[in-house]
Amino acid sequence: MLHANAEVVKKRIFKTFNRDDFQTDLGRVPFHAAYVFDDKDDVYWCWETLYNQVLDDHAPMRSFKRRSSAESMFTKKYHGCDSALLSLTEQWKKEIDNNKLIGLVSMDLSKAFDTLPHELIVLKLKEYGADEATTTLIKDYLSNRFQRVRLGNTLSNWQPICNGVPQGSILGPLLFNIFMNDLSYVIEKCTLSTYADDTQIFYADNQLSKIEETINNDLISADIWFARNGMKRNSSKYQAMVLGKHKGTDEPVFKCEESPLPISNTMELLGVTIDDKLNFEKHIAKICRKVSQQVAVLKRMQKMLSFETRRDLYKAFILPHFNYCSETWHFCNKKSADKLELVNKRALRFVFRDKSSPYEELCKRIGLSILREQRLAKILSTVFKILTSDAGPKSLRDLITVRCSTYNLRGTTILDLPKVKSTTFGLRSWRYAASKLWNALPDESRKIQTLTSFKNYLKTLDLTGL
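Mapping of the sequence shown onto our numbering: residues 208 to 673, in sequence order.
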């Protein structure tokens, strides 16, 4: 099993590994203890920790220098949906700010996790440098699995599972990412973006004809790769979109199996509605609609709910809608941003059963700031993580640049403002706004050492003027 960063690769040493001893020790692990957690992510974390503690005793990790480009990073630590989508949209904004158009195609795979051939997974592991003991362990993990269906009191016969990786496991997504890794080798000119089974290719150029030709060539290459690797693509669910300033009547023709793909104005990526103008109006409308529906349902039973329950329901089911990928869509227009604050105010009035207090007071009573300030604090926290620790998403590190100066400035870290050409895609981009926000902070804030202390400090600031 390989884990890579910029300098070294970590590899498990199986020279003294004894499978029987490992299975015996693994059988003594109280995996059921994980169910003390309510959050499924905490449960998975507990399982992973317990499993790795046993595995570390039998197959310790060792570090060695990277030997070849094939030993690449299969999964990116601290790289979630938020940072993946933010990195993607910032690339698009930068290209559009340089007066380019972007052709985008989102590809769809049918039952992606269930179609991976086991033998091919093992072969790819060997190609990436996994030793014999590792590949044997993975092969045993995948082999001899059976499943059956229960309907009422009737059970079907057991059927062998010959393809796919177990879902709901820690190892399943990792094996899937390893399997999909060499897709990037056949995409010649387009940029490939993958997150689990969400796969997109895009290409930027000044001419639509060039975009059309390049994307169609790489779509053919991707189709060949899918066929050779036993993947089943669903061409009927392929989506295409053109981003940037262009005439709606002048559309490129992207093809899959010689059939033209319809050009859409919107596309769903990682749960966020992307529109061709990147103003996120439809996504904001979707958030407002979902929250309003939830509040309406909760109001019907509010007489049965205590304040503590209403507060917990707000934080568990309503607030996440406002926070999910909020750094990406933060740069929506003022009208959309005001709609979010209005819907949040209605939700807080339900929580406190208060129809008269000002919105800002309701936010303070629940221990939060208004939504815009929450998003600004989130942006600043991301910058802090990138600058001060390894916990920052690596995909976002290229978006900010520390200013080099021979003078002894009072602030410890000042960022360069990138050169931009437009307001919509330049000034209202994360890479520009985040740097400007960071530089506007008091000097003392940039000297804070820990993320927790930095977040607590932000709570003492008035971010409305930033």
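Where is the CB? At the ideal position from N, CA and C, for every residue including glycine.
Top-ranked residue by Cα proximity to residue i, from the options
i    : options                : result
N530 : L233, H265, S290       : S290
S543 : D246, W637, I491       : I491
L606 : H239, F514, T296, E488 : T296
P324 : I385, S376, D264       : I385
E395 : E420, D404, L415, G371 : E420
D412 : N441, K452, S400       : K452
G487 : Q500, F538, S471, N441 : The sequence shown places Phe at residue 487, rather than the Gly named in the question. The residue with the shortest Cα to Cα distance from F487 is F538.
P649 : K444, T667, L349, L634 : T667
N423 : D404, S499, S313, A503 : S313
D674 : P367, K318, L330, I368 : Since the first and last residues shown for the chain are 208 and 673, residue 674 lies out of range.
D425 : G437, Q366, D248, I408 : I408
R518 : L547, N441, R572       : R572
K307 : S660, K628, T671, L673 : K628
I377 : T595, Y392, W252, R355 : W252
F661 : T595, L549, S563       : T595
F559 : D545, G574, L547       : G574
C463 : C369, D561, L665, F433 : F433
H239 : R226, F229, W254, D228 : W254
N225 : P267, S442, S363       : P267
R496 : K654, G437, R553, F229 : R553
L349 : F383, I494, I427       : F383
Residue i (DSSP reduced to helix, strand or coil)
i    : result
E458 : coil
Y335 : coil
N424 : helix
G375 : coil
N370 : strand
C570 : helix
D412 : strand
R638 : helix
D249 : helix
I385 : helix
K662 : helix
Q501 : helix
P324 : strand
V627 : coil
R219 : strand
T256 : helix
V590 : helix
L668 : coil
L673 : coil
Closer than 6 Å: residue i CB and nearest the ligand GDP heavy atom
i    : result
G672 : In the structure on display, the ligand GDP does not appear, and there are no ligands present to speak of.
Rounded straight-line distance, which links the Cα of residue j to that of residue i
i    : j    : result
L327 : A429 : 17 Å
K592 : T657 : 9 Å
I309 : P380 : 30 Å
L209 : T343 : Its pLDDT being 34, under 50, L209 is placed unreliably in this model, and the coordinates cannot settle the point.
I303 : F632 : 7 Å
W299 : L450 : 8 Å
I418 : Y410 : 6 Å
L622 : K439 : 46 Å
L415 : V460 : 9 Å
F172 : K333 : For the chain, the structure presents residues 208 to 673; residue 172 sits outside this window and is missing.
F320 : R352 : 15 Å
P373 : E475 : 26 Å
D263 : S602 : 29 Å
F271 : G359 : Bear in mind that a pLDDT of 49 at F271, under 50, signals an unreliable position, so the model cannot answer this.
R610 : R219 : 40 Å
R604 : L292 : 14 Å
L675 : L505 : Coverage of the chain is limited to positions 208 through 673, which leaves residue 675 absent and any answer about it impossible.
L555 : V502 : 10 Å
P237 : V250 : 12 Å
E458 : F221 : 56 Å
H528 : L578 : 11 Å
P625 : P600 : 20 Å
G371 : T322 : 5 Å
E580 : G478 : 23 Å
For residue i, the residue or residues it bridges with in DSSP
i    : result
E475 : T480
F353 : P367
Q446 : S313
M508 : Answer by DSSP bridge pairing: none, since M508 is not bridged.
C463 : S466
Y402 : D405
R440 : L316
L358 : T361
L520 : In DSSP, L520 forms no bridge with anything.
V609 : L622
T308 : Looking at the sequence shown, residue 308 is not Thr but Leu. In DSSP, L308 forms a bridge with D412.
Any chain C beta carbon closer than 7 Å to residue i
i    : result
I431 : No chain C is present in this structure, which holds just one protein chain.
Can you find at least 3 beta carbon pairs, one from the stretch 334 to 350 and one from the stretch 505 to 514, that sit closer than 8 Å? no
Inter-stretch contact at 8 Å, needing at least 3 Cβ pairs: the stretch 585 to 599 / the stretch 641 to 653: yes
Stretch pair the stretch 227 to 235 + the stretch 252 to 271: three plus CB contacts closer than 8 Å: yes
Stretch pair the stretch 460 to 474 + the stretch 522 to 540: three plus CB contacts closer than 8 Å: no
Pairs of beta-carbons, one from the stretch 473 to 483 and one from the stretch 434 to 451, closer than 8 Å: are there three or more? Because the criterion of three Cβ pairs below 8 Å is met, the stretch 473 to 483 and the stretch 434 to 451 touch.
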